[in-house]
Each structure stands twice: as C-alpha cells, then as structure tokens.
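Novice: Encoded as structure tokens, here's the structure I'll be asking about.
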Amino acid sequence: MKVNTERLGGDIQLAIYRIGAAEAWDLEVDNGSYYYVLDGEKVNIEAGPDEAERIDRTVRKVGDGILSQDFEPRPSPGVCSWCDYRLVCPAAEA
Ligand code: SF4
C-alpha cells in the first residue's frame, strides 16, 4: 500500500496523541507512527514546527462549535461516501 505521508503530516489525530503523551507523561515527543497492520507497514510522521499552536487552534474551534451547538451538516461527496449516517442523513451527497 502506498501511503501519502505528506497528507498524514497534517493529520490532527496523531498530533493530538503526541501532545497528550507529552503532557501526560512529560515526554519530549517529536514523531509518531501509524501502523497498517493488514499490510505490515509502519509510517513514521514527524511533528511539524507549529504543531502545538495548530492543534490548540483546531481543538478550540471545534470546542466552540460544540458549545454553540453548531451541528450544521457540511456534506461533500468525499466524506459522505464513507459516512455511516449517509442512509439516514437528509444532507448526504452521493
Ligand atoms: S452523510 Fe450527513 S452526516 Fe455524513 S458526512 Fe455527509 S452530511 Fe455529514
């Protein structure tokens, strides 16, 4: 399997794990890895220089949306095509 590591570098999930591990265990974490167990592949992703700021900004934006109950659907064919709710969602795009 060919993994797009450039795209994964901006991935928020792994970055949140890195920041959480650093804060919870007082570790210096400058990289992380995704394991594709079916393919037996490990993909190492380095932390970006502005990662903590980027994650903080994103988490606050999402948190503000949740607190203001902004649950307006934002359909797109790329996301809706694999969404588990597409069969019952009135905003789903094919
Ligand atoms: S199907 Fe509905 S809930 Fe799922 S991604 Fe699309 S708009 Fe969002």
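Under the working numbering, the residues of the sequence shown are numbered 20 to 113, in order. Every residue gets a Cβ at the ideal spot worked out from N, C-alpha and C, and that includes glycine.
1) Assuming residue 91 contacts residue 99 (C-beta within less than 8 Å), just tell me the rounded distance between them.
2) With respect to 7 Å, is the separation between the Cβ of residue 81 and the closest non-hydrogen atom of the ligand SF4 below this value?
3) Compare the Cα-Cα distances from residue 38 to each of 63, 71, 59 and report the closest residue.
4) Rounded to whole angstroms, what is the Cα-Cα separation between residue 94 and residue 35?
5) Which word fits residue 33, buried or exposed, when buried means at least 16 other C-beta atoms lie within 10 angstroms of its C-beta?
6) Quick one: measure Cβ to Cβ for residue 64 and residue 50, integer angstroms, because I've assumed they're closer than 8 Å.
7) For residue 62, which beta-bridge partners are listed by DSSP?
Specialist: Reading from the atomic positions:
1) That belief does not hold up - the Cβ atoms of residue 91 and residue 99 are roughly 14 Å apart, past 8 Å.
2) no
3) 71
4) 25 Å
5) buried
6) 6 Å
7) 53
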